Amino acid sequence: NRKTVERFIGLTSYFRRFVSGYASLAKPLTDLLKKDSTFKIGKEQVASFQTLKNALTTSPVLRLYNPHGETEIHTDASKFGYGAIFMQKCSEDQNFHPVQFLSRKTSQTEENYSSYELEVLAVITALKKWRIYLKGVKFTIITDCNAFALTMRKEDVPPRVARWALFLQEFDYQIVHRSGSQMRHVDALSTYHLDHLGPLTATAKRYNHILSVVDAFSKFVWLYPTKDTGALAVIDRLGKQAAIFGNPRRIITDRGAAFTSQVFKNYCSEQGIQHLCIATGVPRGNGQVERIHRTVIPILTKLSLNNPDQWYKNVDNVQ
Numbered sequence: 001n002r003k004t005v006e007r008f009i010g011l012t013s014y015f016r017r018f019v020s021g022y023a024s025l026a027k028p029l030t031d032l033l034k035k036d037s038t039f040k041i042g043k044e045q046v047a048s049f050q051t052l053k054n055a056l057t058t059s060p061v062l063r064l065y066n067p068h069g070e071t072e073i074h075t076d077a078s079k080f081g082y083g084a085i086f087m088q089k090c091s092e093d094q095n096f097h098p099v100q101f102l103s104r105k106t107s108q109t110e111e112n113y114s115s116y117e118l119e120v121l122a123v124i125t126a127l128k129k130w131r132i133y134l135k136g137v138k139f140t141i142i143t144d145c146n147a148f149a150l151t152m153r154k155e156d157v158p159p160r161v162a163r164w165a166l167f168l169q170e171f172d173y174q175i176v177h178r179s180g181s182q183m184r185h186v187d188a189l190s191t192y193h194l195d196h197l198g199p200l201t202a203t204a205k206r207y208n209h210i211l212s213v214v215d216a217f218s219k220f221v222w223l224y225p226t227k228d229t230g231a232l233a234v235i236d237r238l239g240k241q242a243a244i245f246g247n248p249r250r251i252i253t254d255r256g257a258a259f260t261s262q263v264f265k266n267y268c269s270e271q272g273i274q275h276l277c278i279a280t281g282v283p284r285g286n287g288q289v290e291r292i293h294r295t296v297i298p299i300l301t302k303l304s305l306n307n308p309d310q311w312y313k314n315v316d317n318v319q
């Protein structure tokens with residue numbers, strides 16, 4: 001589907017400088033993502049996918065391990081999965097290239113871990129997998145978890161974290177924090193921008209708003225007609241979406257009543273989602289969803305001219 005293609009292009013484009021003729025190779029797939037194009041997977045698209053996949057997993061992108069090479073382990077985690085990339089600097093071009101990739105789905109037990117525990121788990125899993133390469137060499141762990149280093153120095157931690165800290169003592173490493181925007185190549189899930197559009201003309205089914213959800217990375221948009229702008233309605237919709245796409249790493253909203261309620265705060269905390277509220281009176285802070293609304297309104301209005309009280313039937317077409 002379109003979402004999968006967007007994710008794949010997002011991943012491969014991170015390493016595009018290592019793939020000769022990347023733009024031409026990716027064109028059959030990127031053309032699918034154009035605004036007015038028909039989404040149809042054919043032989044050209046399948047060939048493009050296979051070619052890019054092979055290019056990403058063979059030399060010169062994927063390199064053989066060099067015991068003397070500068071090494072970085074890039075990790076990231078979310079409630080539903082975690083991943084890592086073993087990267088080394090190449091003497092030929094002085095760029096870091098992937099040596100191996102790692103990804104795991106979280107188990108039912110791991111889904112209950114706190115966000116920082118999941119980040120540490122990603123590191124531990126990577127080090128266990130690549131232990132034979134990392135023992136006795138100095139390397140750098142790259143993570144977007146600010147609390148990682150602090151957690152490893154705490155005395156009062158859960159037993160499993162204490163065991164992990166003991167395991168880490170076997171290695172010679174340093175930790176470098178990078179923001180999530182710099183870790184998109186290992187980001188398991190993205191940032192969502194949320195807002196309500198409305199009130200709109202009330203319908204016979206009592207829909208009067210649209211809940212807009214924008215994926216900050218892929219720019220994909222979900223539009224949900226809703227009868228209620230309260231926290232429970234938002235949570236219900238996010239829960240159904242998570243069953244298909246998984247949870248985002250963070251959510252950005254305005255300071256509407258639904259998003260500042262204790263119920264919504266509890267939901268984000270339980271799901272391991274970081275919730276950021278933009279400053280009052282600064283709509284550009286949630287600019288991605290504001291721009292979507294400026295596009296949605298005229299299109300939805302035009303599609304609903306004959307039956308303005310049934311606008312909700314046209315929302316899927318707008319999306």
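The opening position of the sequence shown corresponds to residue 1 in full-length UniProt numbering, with each subsequent residue numbered one higher.
Cβ atoms here follow ideal geometry from the backbone N, Cα and C, with glycine treated the same way.
Because the structure is a prediction, the values reported are computed rather than measured.
Pairwise C-alpha distance: residue j and residue i
i    : j    : result
K129 : I85  : 11 angstroms
K313 : L223 : 12 angstroms
S115 : A77  : 8 angstroms
E92  : Y65  : 14 angstroms
G256 : H196 : 9 angstroms
H97  : L52  : 16 angstroms
V99  : K227 : 50 angstroms
V5   : I132 : 35 angstroms
N317 : F101 : 38 angstroms
P159 : F167 : 12 angstroms
Y113 : K79  : 8 angstroms
L303 : Q50  : 39 angstroms
I41  : L33  : 12 angstroms
Q262 : P308 : 35 angstroms
I299 : N266 : 36 angstroms
Presumed contact (8 angstroms Cβ cut-off) between residue i and residue j, rounded CB distance
i    : j    : result
R237 : L211 : 6 angstroms
E110 : L121 : 7 angstroms
Q274 : N247 : That pair is no contact at about 11 angstroms.
Q319 : V234 : No, Q319 and V234 are not in contact; Cβ-Cβ is about 18 angstroms, not under 8 angstroms.
V161 : E117 : 6 angstroms
7 angstroms Cβ cutoff met for residue i and residue j
i    : j    : result
Q288 : H193 : yes
T301 : C277 : no
P28  : S13  : no
Y82  : R104 : yes
T229 : A258 : yes
F39  : R2   : yes
V214 : I297 : no
S37  : D31  : yes
V137 : T75  : no
K89  : G69  : yes
A231 : F264 : yes
P225 : V315 : yes
Range of the contiguous alpha helix (DSSP H) that encloses residue i
i    : result
Q50  : 43-57
L134 : 131-134
Y312 : Counting along the chain, Y312 falls outside any alpha helix (DSSP H), and DSSP gives it neither H nor E.
K265 : 262-271
A77  : No alpha helix (DSSP H) contains A77, which is instead part of the beta strand (DSSP E) from 71-78.
T12  : 2-14
K302 : 287-303
F167 : 159-168
Distance cut-off 6 angstroms: residue i Cβ against heavy atoms of the ligand FMN
i   : result
I41 : No copy of the ligand FMN occurs in the structure displayed, which carries no ligand at all.
The beta strand (DSSP E) enclosing residue i, as first and last residue numbers
i    : result
L223 : 221-226
R250 : 250-253
K205 : Note, K205: premise wrong, no beta strand (DSSP E); not H, not E.
Any C-beta of chain C under 7 angstroms from that of residue i
i    : result
A204 : The structure shown contains no chain C; it holds only a single protein chain.
### Query
Can you find at least 3 beta carbon pairs, one from the region 160-177 and one from the region 132-145, that sit closer than 8 angstroms?
The region 160-177 is in contact with the region 132-145.
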